[in-house]
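**Student:**
Protein chains: 2
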Amino acid sequence: MRVLIIGGGGFIGQKIAKALAEKGTLNGKQITHLELADITAPPTVVAPFGVSHHAVDISDKAKCDALFQCQPDVVFHLAAIVSGQAEAEFDTGMRVNLAGTLNVFEAARALGTKPVVVFSSSCAVYGGEIPDQIEDWTTLNPQTSYGAQKAIGELLCTDYSRKGFIDGRAPRLPTITIRPGKPNAAASSFMSSIFREPLQGQTAVCPVQPDYAVWYLSPRKVVENLIKCAEIPAEKFGENRAFALPGRVATIGEMVEAMRKVAGDEPVNRIKWEPDPVILSIVMGWRPHINPQKALALGLTTDDSFEDNVRYFLEDDIQVPAT
Amino acid sequence: MRVLIIGGGGFIGQKIAKALAEKGTLNGKQITHLELADITAPPTVVAPFGVSHHAVDISDKAKCDALFQCQPDVVFHLAAIVSGQAEAEFDTGMRVNLAGTLNVFEAARALGTKPVVVFSSSCAVYGGEIPDQIEDWTTLNPQTSYGAQKAIGELLCTDYSRKGFIDGRAPRLPTITIRPGKPNAAASSFMSSIFREPLQGQTAVCPVQPDYAVWYLSPRKVVENLIKCAEIPAEKFGENRAFALPGRVATIGEMVEAMRKVAGDEPVNRIKWEPDPVILSIVMGWRPHINPQKALALGLTTDDSFEDNVRYFLEDDIQVPAT
Ligand SMILES: NC(=O)c1ccc[n+]([C@@H]2O[C@H](COP(=O)([O-])OP(=O)(O)OC[C@H]3O[C@@H](n4cnc5c(N)ncnc54)[C@H](O)[C@@H]3O)[C@@H](O)[C@H]2O)c1
Ligand SMILES: NC(=O)c1ccc[n+]([C@@H]2O[C@H](COP(=O)([O-])OP(=O)(O)OC[C@H]3O[C@@H](n4cnc5c(N)ncnc54)[C@H](O)[C@@H]3O)[C@@H](O)[C@H]2O)c1
Numbered sequence: 001m002r003v004l005i006i007g008g009g010g011f012i013g014q015k016i017a018k019a020l021a022e023k024g025t026l027n028g029k030q031i032t033h034l035e036l037a038d039i040t041a042p043p044t045v046v047a048p049f050g051v052s053h054h055a056v057d058i059s060d061k062a063k064c065d066a067l068f069q070c071q072p073d074v075v076f077h078l079a080a081i082v083s084g085q086a087e088a089e090f091d092t093g094m095r096v097n098l099a100g101t102l103n104v105f106e107a108a109r110a111l112g113t114k115p116v117v118v119f120s121s122s123c124a125v126y127g128g129e130i131p132d133q134i135e136d137w138t139t140l141n142p143q144t145s146y147g148a149q150k151a152i153g154e155l156l157c158t159d160y161s162r163k164g165f166i167d168g169r170a171p172r173l174p175t176i177t178i179r180p181g182k183p184n185a186a187a188s189s190f191m192s193s194i195f196r197e198p199l200q201g202q203t204a205v206c207p208v209q210p211d212y213a214v215w216y217l218s219p220r221k222v223v224e225n226l227i228k229c230a231e232i233p234a235e236k237f238g239e240n241r242a243f244a245l246p247g248r249v250a251t252i253g254e255m256v257e258a259m260r261k262v263a264g265d266e267p268v269n270r271i272k273w274e275p276d277p278v279i280l281s282i283v284m285g286w287r288p289h290i291n292p293q294k295a296l297a298l299g300l301t302t303d304d305s306f307e308d309n310v311r312y313f314l315e316d317d318i319q320v321p322a323t
Numbered sequence: 001m002r003v004l005i006i007g008g009g010g011f012i013g014q015k016i017a018k019a020l021a022e023k024g025t026l027n028g029k030q031i032t033h034l035e036l037a038d039i040t041a042p043p044t045v046v047a048p049f050g051v052s053h054h055a056v057d058i059s060d061k062a063k064c065d066a067l068f069q070c071q072p073d074v075v076f077h078l079a080a081i082v083s084g085q086a087e088a089e090f091d092t093g094m095r096v097n098l099a100g101t102l103n104v105f106e107a108a109r110a111l112g113t114k115p116v117v118v119f120s121s122s123c124a125v126y127g128g129e130i131p132d133q134i135e136d137w138t139t140l141n142p143q144t145s146y147g148a149q150k151a152i153g154e155l156l157c158t159d160y161s162r163k164g165f166i167d168g169r170a171p172r173l174p175t176i177t178i179r180p181g182k183p184n185a186a187a188s189s190f191m192s193s194i195f196r197e198p199l200q201g202q203t204a205v206c207p208v209q210p211d212y213a214v215w216y217l218s219p220r221k222v223v224e225n226l227i228k229c230a231e232i233p234a235e236k237f238g239e240n241r242a243f244a245l246p247g248r249v250a251t252i253g254e255m256v257e258a259m260r261k262v263a264g265d266e267p268v269n270r271i272k273w274e275p276d277p278v279i280l281s282i283v284m285g286w287r288p289h290i291n292p293q294k295a296l297a298l299g300l301t302t303d304d305s306f307e308d309n310v311r312y313f314l315e316d317d318i319q320v321p322a323t
C-alpha cells in the first residue's frame, strides 16, 4: 500500500502523515511507502515505512505526471491556493485549484489502476441563492473563486469516478479550528487565530461580530475523517462523490466563551474586535447550517463541543505556553 | 452592437442568426455586425447588417483569442460536443466543453469590456442523488460527462460574472424538440427523430418506453428565450447566473398522441419501438420534473402544448413533405 499526500507540507497534510505513521496501515493494509509532495519538499515524519519527499507544482502537468511514477494506491489531494489568496489572485487560483486538480485526476487516471483519491473540498462551495438550511442535495452557488474552483473539482471527482478512471471521494471540509502555526491567506484564518494567539499569550484581531456563525471541525477530527474517507468502500458513495463532512455550528461569541471555560478570562481579553470589510465580504457569503446526513451515514463524525477543540489545541499544537 | 455566435453553424446557432437578422436589433440597439463562428465556417444568413464567417476550434486558445478581435458586445456560446459523443469520447468532451468554454470566457474577459455571454447549459446537469422535484436550488449531480462539463461551465459563468470579467447568463436548455435535419450524437436525438422522420414520411426507432418523461421546449421558444437572456439586465440574475429555462414535461407516449392529433395516424405508425440499452443508460439519468421559478420571474416562457411543437415543425422546418 503506497500513499501519496499532495499538499503534504501543509497543515492537514502533515497531520495526516503523522497519523498514518502512527497507524501503520490504511484500510487494513500495511503501508509500505509514503510520498509527501508539495510546492517545496515537505518536512519528513518519523514512520515505520519509507518516506519520500517531492517538490512538485501540480499546475505543471509534466511534473504532476512524473510524481505519479511512485504509483500510489491512495492519494490525498490537499494542495490548494486558499480562499483569500484565490480571491485576490484569480489566475493563481484557477491555475492551481482548477488546472492543478485536473492534472492530479488525469495523472491518477493514467495509472490505469483506479487509485483512491481523497480530494479536500470545502464548505466554501455553499453560498448564494440557496435555502438557509443546507442539505446534501442543495446546489452549489459559491460566492468566491476558491469555492467555485472547489465545486468544479467535486464535479470532476464524481465524473472521473463514474467513468472508472479513479475512485474519488470529495468531502467538504468545515472550517478547521483551532489550526496551529501562523495566520494564513484563508479568509477564515481568524477563526483559528483569535483562539490560537491568545492561548499562546499574544493578542489577536477578530474581524467579525460575535454573532457570526461558523461551521467548524477540529484538526483531530478532520484527520480521522479524511483517513476514514480513504477506507470506506467505493460503492457506499453512491452517485455523488462529494458531500459535507460532519461539523458543528457555533457563533464566534459562543466559541470564545468555550475558550473562557477551558482557559479562563485572560486569553479572551487578548481578543480585539475590529470588523474588516474585505474579510467580511468573503465570509458573509459562507453558510453555517449544514445537515451532513450522507457523511453521518458513512460513519464520519464531528467534535463534541468547542471546549474539546480548545483542549485538543492545548494537547497537540500549542507552541508557546500561555502566560 | 456586434454579436458573435460561437457554434453559429449548429441548429440553434443558425436559428438565432436568422432571428437576429429579422429583428435587426438586440436589447433595443441596432445590430451592426454578426460574426458566425464554428469548427468549419458556418452557412451565412441574409441580414440587414454585415455577416462574417469564422472557422475556429474553440479548444485552440490562440485561435479563440484571435476570434475575439471582432470585439463582440454580445456572445452566444453554443459550441459543444453533445451528450452521446462526450460520453463515448471523454477527452474530446473535456477539450471542447471544458477547456473550450474556459477559452471563450477568458477571451471575453480579455476584451476588458465585460461583454454579455449567453452560455447554453443543459438540463443534463440534473441527475443522481436529488429529490424528484427539481427547484432552482437543487444540486447538480450529473450522471454524464456532458452534464458535468456543462455544470462546470455554469460555475465558471457565475464566477466570471461575479468578478466582473463578463456579464454571463447560463440558461439550462430543456431537450429541444422537434429539431430539424438529421439525427445527431446527442443521446436525446430520438426525442426529435421519432417525430421528424415520421412527419417527413420515414420510419424512426424509439429507444425508450412510451412512459419515459421528457422536459422539452420547441426550437422557436428556445431561440426567443436565448435572445431574451441576452437582453435581461445583469442585476436581475442575482448571485447565480445559471438557471433552468422554462419547459414542459410530457411522456413520449403523450407526445406521440399530440402528433397524432395534428398529423393523423400515419406518422405514428412509422415509429418502431426498440429499447436501446446505451441510450437508456444515459437518458434514464436525466430528470424531467423541473420547476423553473427563476426563469419565469425573469420573463422567460415555454410552449403551450406539444401540438404546437408539431405545428411549428410543419411551419418552420419540414424538409420532405409528409406523404
Ligand atoms: N483548513 C481548513 O479550514 C480547510 C477548510 C476547508 C478546506 N480545506 C482544504 O483542505 C486542504 C488542506 O488545507 P490546509 O489547511 O492544510 O492548507 P495549507 O495551506 O496548510 O496546505 C495546502 C498545501 O498545498 C500546497 N500547495 C499550494 N499550491 C501548490 C501547488 N501548485 N503544487 C503543490 N502544492 C501546492 C501548499 O504549499 C500547502 O502546503 C486544502 O485543499 C484546503 O483548501 C481546508
Ligand atoms: N438541442 C438541444 O436539445 C439542446 C439541449 C440542451 C442543451 N443544448 C446546448 O445548446 C447548444 C447548441 O445546441 P445545438 O442543438 O444547436 O447543437 P449543434 O450540435 O447543432 O451545434 C453545436 C455546434 O458547435 C460546434 N462545435 C463543436 N465543437 C466545436 C469546437 N471545438 N469549436 C467550434 N465549434 C464547435 C458544432 O460544429 C456545432 O455546429 C449546445 O451547447 C448544446 O449543448 C442543446
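Keeping their order, the protein sequence lines are chains U and P. Heads up: the first sequence runs through residues 1 to 323, numbered per full-length UniProt numbering. Heads up: the second sequence runs through residues 1 to 323, numbered per full-length UniProt numbering. Built from N, CA and C at the ideal position, the CB exists for glycine as well.
With three or more beta-carbon pairs closer than 8 Å as the criterion, would you say the segment 230–240 of chain U touches the segment 269–283 of chain U?
**Tutor:** no
**Student:** Taking the alpha-carbon of residue 298(P) as reference, which of 241(P), 286(P), 284(P), 311(P) has the nearest alpha-carbon?
**Tutor:** Walking along the second sequence from the start, residue 298(P) turns up at place 298. Out of 241(P), 286(P), 284(P), 311(P), 241(P) has the C-alpha closest to the C-alpha of residue 298(P).
**Student:** Can you pull the chain P residues whose beta carbon is under 8 Å from the beta carbon of residue 148(U), in chain order?
**Tutor:** Along the first sequence, one-based indexing puts residue 148(U) at 148. Those are 155, 156, 158, 159, listed as they occur along chain P.
**Student:** Determine the DSSP secondary structure at residue 316(U), reduced to helix, strand or coil.
**Tutor:** Locating residue 316(U) in the first sequence gives position 316, counting from the first residue. In the structure shown, residue 316(U) sits in a helix (DSSP, three-state: H, G or I).
**Student:** Nearest-angstrom Cα distance between residue 309(P) and residue 216(P)?
**Tutor:** Taking the second sequence and counting its residues from 1, one reaches residue 309(P) at position 309. Taking the second sequence and counting its residues from 1, one reaches residue 216(P) at position 216. Near 10 Å, if we compare the C-alpha coordinates of residue 216(P) and residue 309(P).
**Student:** Starting from residue 90(P) and walking both ways along the alpha helix (DSSP H), at which residues does that stretch end?
**Tutor:** As a working mapping, residue 90(P) is identified with position 90 in the second sequence. Here the alpha helix (DSSP H) through residue 90(P) covers 90–93.
**Student:** Along the segment 192–220 of chain P, where does the CB come closer than 8 Å to a CB of chain B? Name the residues.
**Tutor:** This model lacks chain B altogether, as its protein chains are U and P.
**Student:** Using a threshold of 6 Å, is the CB atom of residue 199(P) nearer than that to any non-hydrogen atom of ligand 1?
**Tutor:** Residue mapping note: residue 199(P) aligns to position 199 of the second sequence, counting from 1. Answer for residue 199(P): no, Cβ out of range of ligand 1.
**Student:** What span of residues does the beta strand (DSSP E) with residue 41(U) cover, start to end?
**Tutor:** Indexing the first sequence from 1 puts residue 41(U) at position 41. Note, residue 41(U): premise wrong, no beta strand (DSSP E); not H, not E.
**Student:** Tell me residue 138(U)'s beta-bridge partners as DSSP assigns them.
**Tutor:** As a first step, residue 138(U) is located in the first sequence; it is residue number 138 there, counting from the start. According to DSSP, residue 138(U) bridges with 138(P).
**Student:** To the nearest angstrom, how far is it from the Cα of residue 160(P) to the Cα of residue 145(U)?
**Tutor:** Indexing the second sequence from 1 puts residue 160(P) at position 160. Indexing the first sequence from 1 puts residue 145(U) at position 145. So the alpha carbons of these two residues sit roughly 9 Å apart.
**Student:** Can you determine whether any heavy atom of ligand 1 sits closer than 6 Å to the C-beta of residue 11(U), and answer yes or no?
**Tutor:** For the purposes of this step, residue 11(U) is taken as the residue at position 11 of the first sequence. With a cut-off of 6 Å, the C-beta of residue 11(U) is classified as near ligand 1, since at least one heavy atom of the ligand falls inside that distance.
**Student:** What residues in its chain sit with their C-beta under 6 Å from that of residue 59(U), if we drop five residues either side in the sequence?
**Tutor:** Within the first sequence, numbered from 1, the residue matching residue 59(U) stands at position 59. Around residue 59(U): 95, 96, 99, 100.
**Student:** If we count the other Cβ atoms within 10 Å of its Cβ and call it buried at 16 or more, is residue 218(U) buried or exposed?
**Tutor:** What you label residue 218(U) is simply residue 218 of the first sequence in a count that begins at 1. Buried, since its Cβ has 16 or more Cβ neighbours within 10 Å.
**Student:** Around the C-beta of residue 71(P), are 16 or more other C-beta atoms found within 10 angstroms, so that it is buried, or is it exposed?
**Tutor:** As a working mapping, residue 71(P) is identified with position 71 in the second sequence. Exposed: under 16 other Cβ atoms inside 10 Å.
**Student:** Taking DSSP as the reference, what is the three-state secondary structure of residue 146(P)?
**Tutor:** Within the second sequence, numbered from 1, the residue matching residue 146(P) stands at position 146. The answer is helix: DSSP assigns residue 146(P) an H, G or I state.
**Student:** Any heavy atom of ligand 2 closer than 6 Å to the beta-carbon of residue 305(U)?
**Tutor:** In the first sequence, residue 305(U) corresponds to position 305, counting from 1. It does not: the Cβ of residue 305(U) is nowhere closer than 6 Å to a heavy atom of ligand 2.
**Student:** Could you tell me whether the Cβ atoms of residue 260(U) and residue 203(U) are closer together than 7 Å?
**Tutor:** Along the first sequence, one-based indexing puts residue 260(U) at 260. Along the first sequence, one-based indexing puts residue 203(U) at 203. Not closer than 7 Å, so no.
**Student:** Can you give me the C-alpha to C-alpha distance between residue 340(U) and residue 153(P), rounded to a whole angstrom?
**Tutor:** This structure does not reach residue 340(U), given that chain U is present from 1 up to 323, and the question cannot be answered.
**Student:** Name the residues in the segment 237–261 of chain U whose C-beta lies less than 7 Å from a C-beta of chain P; which are they?
**Tutor:** Of all residues in the segment 237–261 of chain U, only 238, 239, 240 place a beta-carbon less than 7 Å from a beta-carbon of chain P.
**Student:** Give me the Cα-Cα distance between residue 294(P) and residue 114(U), rounded to the nearest whole angstrom.
**Tutor:** Sequence index remark: in the second sequence, residue 294(P) carries index 294 (1-based). Sequence index remark: in the first sequence, residue 114(U) carries index 114 (1-based). Between the C-alpha atoms of residue 294(P) and residue 114(U) there is a straight-line separation of about 40 Å.
**Student:** When you compare each of 76(U), 123(U), 122(U), 317(U) to residue 104(U) by their alpha carbons, which one comes out closest?
**Tutor:** Your numbering for residue 104(U) matches position 104 in the first sequence. Residue 76(U) is the option with its Cα nearest to residue 104(U).
**Student:** Residue 131(U) touches chain P at which residues, Cβ-Cβ below 8 Å?
**Tutor:** Looking up residue 131(U) in the first sequence gives position 131. Neighbours of residue 131(U) on chain P, chain order: 137.
**Student:** As a quick exercise: from 90(P), 158(P), 107(P), pick the residue whose alpha carbon is nearest that of residue 63(P).
**Tutor:** For the purposes of this step, residue 63(P) is taken as the residue at position 63 of the second sequence. Taking only the C-alpha atoms, the option nearest residue 63(P) is 107(P).
**Student:** Tell me, please, which residues DSSP counts as bridged to residue 52(U).
**Tutor:** On the first sequence, residue 52(U) is found 52 positions in, with the first residue counted as 1. In the DSSP output, where bridge partners are listed per residue, residue 52(U) has 35(U).
**Student:** Beta-carbon within less than 6 Å of residue 255(P)'s beta-carbon, same chain only, minus the 5 sequence neighbours each way: which residues are those?
**Tutor:** Looking up residue 255(P) in the second sequence gives position 255. Cβ neighbours of residue 255(P) beyond the five flanking positions: 306.
**Student:** Give a single yes or no on whether residue 173(U) has its beta carbon closer than 6 Å to a heavy atom of ligand 1.
**Tutor:** As a working mapping, residue 173(U) is identified with position 173 in the first sequence. Correct: residue 173(U) has its Cβ closer than 6 Å to ligand 1.
**Student:** Please go through the same chain and pick out, in chain order, the residues whose beta-carbon is closer than 6 Å to the beta-carbon of residue 195(U), but skip the five residues on each side of it.
**Tutor:** Mapped onto the first sequence, residue 195(U) falls at position 195. The beta carbon of residue 195(U) sits closer than 6 Å to the beta carbons of 178, 259 from its chain, once the five residues preceding and following it are set aside; these are given in chain order.
**Student:** Could you tell me which residues DSSP pairs with residue 173(U) in its beta bridges?
**Tutor:** Locating residue 173(U) in the first sequence gives position 173, counting from the first residue. The partner list for residue 173(U) (beta bridge, DSSP) reads 122(U).
**Student:** Near residue 18(U), what residues of its chain come up, given a Cβ to Cβ distance below 6 Å and the 5 sequence neighbours on each side ignored?
**Tutor:** Start at 1 with the first residue of the first sequence, and residue 18(U) comes out as number 18. Here the set comprises 45.
**Student:** Pick helix, strand or coil for residue 268(U), following the three-state DSSP scheme.
**Tutor:** For the purposes of this step, residue 268(U) is taken as residue 268 along the first sequence, with counting starting at 1. Helix.
**Student:** Answer with buried or exposed for residue 54(U), where buried requires no fewer than 16 other C-beta atoms within 10 angstroms of its C-beta.
**Tutor:** If you number the first sequence from 1, residue 54(U) lands on position 54. By the 10 Å Cβ count, residue 54(U) comes out buried.
**Student:** Measure from the alpha carbon of residue 185(P) to the alpha carbon of each residue in 42(P), 119(P), 80(P), then state which is nearest.
**Tutor:** Residue mapping note: residue 185(P) aligns to position 185 of the second sequence, counting from 1. The option with the nearest alpha carbon to residue 185(P) is 80(P).
**Student:** Can you give the Cα-Cα distance for residue 34(U) and residue 127(P), rounded to whole angstroms?
**Tutor:** As a working mapping, residue 34(U) is identified with position 34 in the first sequence. As a working mapping, residue 127(P) is identified with position 127 in the second sequence. Cα atoms of residue 34(U) and residue 127(P): separation of roughly 37 Å, rounded to the nearest angstrom.
**Student:** Please report the straight-line C-alpha distance between residue 40(U) and residue 67(U), rounded to a whole angstrom.
**Tutor:** Position 40 of the first sequence, counted from the first residue, corresponds to residue 40(U). Position 67 of the first sequence, counted from the first residue, corresponds to residue 67(U). For residue 40(U) and residue 67(U), the distance between alpha carbons rounds to 13 Å.
**Student:** Can you confirm whether the segment 131–141 of chain P touches the segment 84–91 of chain P when touching is taken to mean that 3 or more C-beta pairs between the two stretches lie within less than 8 Å?
**Tutor:** no
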